[in-house]
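Notes follow the structure.
There are 2 protein chains.
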Amino acid sequence: MKPDAPSPRTQIRRKPQRGHYDFATVAAIVDAAQICQIAFNEGGSVHCLPTASWRVGDHLYIHGASNSRLTRTLTGSDCSVCIAHLDGLVLARSAFHHSMNFRSVVIYGRFVAVDDPEEKKKALAAFVEHVSPGRSALVRAPTPAELAGTCVLRLPLDEAAAKIRHWGVEDDAGDLGIAVWAGVVPLHTAAGALLPDEDCAAFTEPALPDLVVLRA
Amino acid sequence: MKPDAPSPRTQIRRKPQRGHYDFATVAAIVDAAQICQIAFNEGGSVHCLPTASWRVGDHLYIHGASNSRLTRTLTGSDCSVCIAHLDGLVLARSAFHHSMNFRSVVIYGRFVAVDDPEEKKKALAAFVEHVSPGRSALVRAPTPAELAGTCVLRLPLDEAAAKIRHWGVEDDAGDLGIAVWAGVVPLHTAAGALLPDEDCAAFTEPALPDLVVLRA
């Protein structure tokens with residue numbers, strides 16, 4: 016049995032059979048992302064901005080410059096964070112039944128600043144590990160000035176809803192004879208040839224799987 | 016010389032050298048997207064929801080069910096639409112200088128419903144063409160009931176700002192001797208093996224480039 020929505024505003028009303036509210040599903044969608052989009056109000060306008068994100072435990076983390084608008088504003092009022100992965104194009108025999116396969120999550124709540132320097136260091140190391148496992152031990156750690164200039168914020172994942180479509184075409188029975196290819200074109204993120212920094216020529220090019228996790 | 020921001024709320028204050036306000040740049044980023052994220056206020060909360068999008072001329076288009084919350088709410092107040100393409104992971108020699116290459120656009124304004132049936136039909140055909148050029152002539156066109164149940168909304172692209180990073184590592188000079196690979200891992204969207212609908216076995220599998228445009 017599916018767990019219930021944690022709040023009225025996370026209740027999926029449109030196609031509720033696509034909704035999921037369990038932590039494992041929400042966390043997996045957050046983990047598959049390198050970036051999220053944040054909706055918030057500031058200066059009389061609603062804004063939607065993209066930023067890098069990662070997860071530690073039951074929180075989504077973001078970072079920014081300590082003096083930036085985003086980091087100042089987000090600790091002062093509720094926001095909504097969205098992550099959406101496009102997994103496939105669903106090509107139907109009618110224009111109407113074209114669709115997309117996707118995994119999305121919407122999280123509501125208020126960010127809290129991670130002020131403790133040790134906790135901030137750990138969160139930023141987890142960010143590097145999210146992109147490139149094992150790398151945080153190989154690169155220069157942040158200086159005190161870099162740490163002071165960086166704001167780390169975290170948002171609990173407990174008020175969240177996921178929505179997933181991951182199946183094939185749903186054509187009307189009367190359309191099945193239409194002479195056009197129908198099905199799903201699965202999509203994923205792929206890497207191109209590595210572009211080493213010019214001062215990096217002395218190094219053997221690492222194998223891609225040892226360098227980064229290709230997230231959806 | 017770069018054009019100026021069209022409004023105070025589109026003025027990029029953080030790393031302004033990455034900002035672009037010309038229509039061609041904004042349109043190209045919109046065209047490279049299959050989905051956008053929309054920030055809006057409703058019921059005392061700010062929301063961030065993903066939806067499919069496409070461009071016709073100087074407007075971004077979305078669609079939804081005529082009776083959905085999103086379509087009702089968006090014509091009643093201003094929103095912010097964000098599209099972000101992650102183009103690469105920038106791996107530096109210090110944790111601090113890690114970055115991402117991306118193209119993003121943020122658009123402000125209010126959606127207007129496309130009520131004229133002929134205009135709505137054209138907009139929906141353009142949506143199919145956006146995903147799969149040539150396909151709108153091959154599939155069954157929307158019935159009057161399908162058209163009535165579908166709401167098409169458009170948002171002008173004139174209050175928009177793009178932000179782009181598309182270059183290599185920017186390490187501190189003192190870090191260049193650190194023994195770790197540094198550079199950019201370029202990312203793009205790729206398609207997996209086609210998943211034909213079961214009733215589609217009689218058709219020759221089309222070549223991918225003839226079927227869909229792989230957008231970033």
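Chains as they are written, first to last, in this note's numbering: chain Y, 16 to 231; chain Z, 16 to 231. Don't be surprised by glycine CBs; every beta carbon is placed ideally from N, CA and C. All of these numbers come straight from a predicted model, not from anything done at the bench.
query	result
I'd like the span of the beta strand (DSSP E) that includes His203 of chain Y, first residue to last.	Gly198 to Ala206
Mapping the DSSP letters down to three states, classify Phe218 of chain Y as helix, strand or coil.	coil
Closer than 9 Å between beta carbons: that is the criterion. Which residues of the stretch 87-107 of chain Z meet it against chain Y?	Ser92, Asp93, Cys94, Ser95, Val96, Cys97, Ile98, Ala99, Leu101, Gly103, Leu104, Leu106 and Ala107
Please report whether the beta-carbon of Phe126 of chain Y lies at a distance below 8 Å from any beta-carbon of chain Z.	no
Could you pull out every residue in the same chain whose Cβ sits closer than 6 Å to the Cβ of Gln26 of chain Y, ignoring the five residues on either side in sequence?	Ala20
Enumerated in chain order, which unbroken segments of the beta strand (DSSP E) with a length of 3 residues or greater are wholly contained in the stretch 71-114 of chain Z?	74-80 and 94-106
Does chain Z have any CB closer than 8 Å to the CB of Ser68 of chain Y?	no
Output, in sequence order along the chain, the residues in the stretch 23-37 of chain Z whose CB is closer than 8 Å to any CB in chain Y.	Arg24, Arg28 and Arg29
If you follow the beta strand (DSSP E) that Ile50 of chain Z is in, where does it begin and where does it stop?	Ile50 to Glu57
Between Trp182 of chain Y and Pro211 of chain Z, is the Cβ-Cβ spacing less than 8 Å?	no
I'd like the span of the alpha helix (DSSP H) that includes Leu139 of chain Z, first residue to last.	Pro132 to Val146
Have a look at Y:Pro23, Y:Val228 and Y:Lys30 and flag the residue whose alpha-carbon is nearest the alpha-carbon of Val146 of chain Y.	Y:Val228
Decide if Gln32 of chain Y is buried, meaning its Cβ has at least 16 other Cβ atoms within 10 Å, or exposed.	exposed
Would the beta-carbon of Asp37 of chain Z fall within 8 Å of that of Ala231 of chain Z?	no
Looking at the unbroken alpha helix (DSSP H) that takes in Pro159 of chain Y, where does it start and where does it end?	Pro159 to Gly164
Should the stretch 55-65 of chain Y be regarded as contacting the stretch 145-162 of chain Y, the criterion being three or more beta carbon pairs within less than 8 Å?	no
State buried or exposed for Pro159 of chain Y, treating a residue as buried only when at least 16 other CB atoms are found within 10 Å of its CB.	exposed
Check Ser151 of chain Z in the structure and name its three-state DSSP category.	helix
Compute every distance between the C-beta of Arg29 of chain Y and the non-hydrogen atoms of the ligand HEM, then say whether any falls below 7 Å.	Absence of the ligand HEM from the depicted structure is noted, as is the absence of any ligand whatsoever, leaving it without description.
Taking contact to mean at least 3 C-beta pairs separated by less than 8 Å, is the stretch 44-60 of chain Y in contact with the stretch 128-141 of chain Y?	no
Kindly list the residues whose CB is nearer than 7 Å to the CB of Thr40 of chain Z, restricted to its own chain and excluding five residues on each side of it in sequence; keep chain order.	Ala177
Suppose contacts are defined by Cβ-Cβ distances below 8 Å. Is Val143 of chain Y in contact with His35 of chain Z by that definition?	no
Can you list, in chain order, the residues of its chain whose CB lies under 8 Å from that of Leu191 of chain Y, leaving out five sequence neighbours each side?	Arg108
Tell me which residues share the same chain as Tyr76 of chain Y and place their Cβ nearer than 6 Å to its Cβ, disregarding the 5 neighbours each side in the sequence.	Trp69, Ala138 and Arg169
With H, G and I counted as helix, E and B as strand and the rest as coil, what does DSSP make of Pro7 of chain Z?	Because chain Z spans 16 through 231 in this model, residue 7 of chain Z falls outside it and cannot be assessed.
Which of the three DSSP states, helix, strand or coil, is assigned to Ile44 of chain Z?	helix
Between the Cα of Glu119 of chain Z and the Cα atoms of Y:Ser151, Y:Cys51, Y:Glu161 and Y:Asn82, which residue gives the shortest distance?	Looking at the sequence shown, residue 119 of chain Z is not Glu but Ser. Minimum Cα distance to Ser119 of chain Z is reached at Y:Cys51.
Residues of chain Z with a CB under 7 Å from the CB of Cys215 of chain Y: which are they?	Trp196, Ala197 and Gly198
Measure the alpha-carbon distance for Asn82 of chain Z versus Cys166 of chain Z and round it to whole angstroms.	8 Å
What are the boundary residues of the beta strand (DSSP E) that includes Leu64 of chain Z?	Ser60 to Ala67
Can you look up Leu223 of chain Z in the DSSP assignment and give me helix, strand or coil?	helix
Under 8 Å between C-beta atoms, does Asp73 of chain Y make it to chain Z?	no
By how many angstroms is the C-alpha of Arg24 of chain Y removed from the C-alpha of Asp7 of chain Y?	No answer is possible for residue 7 of chain Y: the residues shown for chain Y start at 16 and end at 231.
Starting from Arg180 of chain Z and walking both ways along the beta strand (DSSP E), at which residues does that stretch end?	Ala175 to Arg180
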